[in-house]
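Engineer: Structure provided below as structure tokens; questions to follow.
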Amino acid sequence: MALSSDSSTGRDSREKITIQNVSRSYESTQALDDVSFSVSEGEFCCVVGPSGCGKTTLLRAIAGLDDPDGGSILVGGDPVTGPGLDRGMVFQEYALFPWRTVRGNIGFGLDRPACDCPDCEAQVRELIDLVGLDGFEDAYPKELSGGMKQRVGIARALAPDPEILLMDEPFGSVDARTRDRLHGELLDIWTQTGQTVVFVTHDIDEAVTLADRVVVMDADPGTVQSTFSIELERQRERTSRDFVDHVARSKQPRARWPEAFVVPSALSEHSLLGERAG
């Protein structure tokens, strides 16, 4: 598995994913309407929005699992025409094979003719270590906690060494303490691999915790409301003034922000904390 040679930076100036005027409808529902934004190579991008805003539809379109009605999606400058080994997907549900062990589930990502892994068993061992499941190689999904199951899902998505990791609310089914721990582990993996990550969530705090940049979506129809960069060093403390500023700003309806916003000085800490509490 390729590891990043430069873990000091989270993003590159080159566009890895380009979404241009994408629309998608289902019968009478307009899931996506003229959605456009790009994701830089090596960037951790969170797409946040309420239920029904089309964020999962968009992620599936990037993965090549769904076709837009209009517009285009480019990966590395090439149109997305279907699934590919350059994109790994982690689903909200654990989506593990109950008859396979941890080792077998992770190895499934390498069990395909297009895989050119010279030593698949060594690759699986490396991934087990990477996601912290050493000692659980022979356990079955029914013997694992929710957090451990999702670690298996992440490792399986990483197995073909994709350039892009697509994650659809992967921590929505685990408790808060486990989610916080998984956030740290995911960031460690991202730092080591240097992959481009698109992470879908409805939780603004989660987006600010993880992302280099956040894309905020609206519903009915699904549109991009705004985008903004998170200019905070990791690890991020959720009770810090800067973190609260970012969360509060993202909650302002239909605001238009520059890429790296500066919170107005007139916006007091008291009002920010009050908005967050509400």
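Using UniProt numbering, the letters of the sequence shown correspond one by one to residues 1 to 278. Here a beta-carbon is modelled for each residue, glycine too, at the ideal position from N, C-alpha and C. This one's a predicted model, so the numbers in the text were calculated from it and none came from an experiment.
#1: Tell me, which residues are paired with glycine 70 by DSSP?
#2: Consult DSSP for aspartate 119 and reduce its assignment to one of helix, strand or coil.
#3: How many angstroms separate the CA atom of serine 28 from the CA atom of aspartate 67?
#4: I need the DSSP call for glutamine 92, collapsed to helix, strand or coil.
#5: Looking at the structure shown, is phenylalanine 44 part of a helix, part of a strand, or coil, going by DSSP?
#6: Of all the options Gly222, Arg249, Asp242 and Ser173, which has the alpha carbon lying nearest to the alpha carbon of alanine 31?
#7: Using 10 angstroms around the beta-carbon of glutamine 190, count the other beta-carbons present and answer buried if the total reaches 16, otherwise exposed.
#8: Going by C-alpha distance, which of Tyr26, Arg24, Ser36 and Arg14 is nearest threonine 227?
#9: For valine 242, collect the residues of the same chain with a Cβ closer than 7 Å to its Cβ; drop the 5 residues on either side in sequence, then sort them by chain order.
#10: DSSP beta-bridge partners for leucine 166?
#11: Can you round the beta-carbon distance between threonine 201 and arginine 238 to whole angstroms, since I take them to be within the 8 Å contact cut?
#12: Name the residue from Arg236, Met217, Val224 and Leu187 whose alpha carbon lies nearest to the alpha carbon of phenylalanine 44.
#13: Entirely within the region 175-226 and at least 4 residues each: give me those alpha helix (DSSP H) ranges in chain order.
#14: Locate the alpha helix (DSSP H) running through lysine 149, then write down its first and last residues.
#15: Does the region 57-73 touch the region 98-113, meaning 3 or more C-beta pairs lie closer than 8 Å?
#16: Along the chain, where does the alpha helix (DSSP H) containing leucine 58 start, and where does it finish?
Structural biologist: Inspection of the coordinates gives the following:
#1: Ser23
#2: coil
#3: 17 Å
#4: coil
#5: strand
#6: Gly222
#7: The residue asked about is misnamed: residue 190 is tryptophan in this sequence, not glutamine. Tryptophan 190 should be labelled buried.
#8: Ser36
#9: Before going on, a small fix: residue 242 reads as aspartate here, not valine. The answer, listed in chain order, is Leu232.
#10: Met89 and Val198
#11: About 15 Å separates the two Cβ atoms, so there is no contact after all.
#12: Leu187
#13: 176-193 and 204-210
#14: 146-158
#15: no
#16: 55-63
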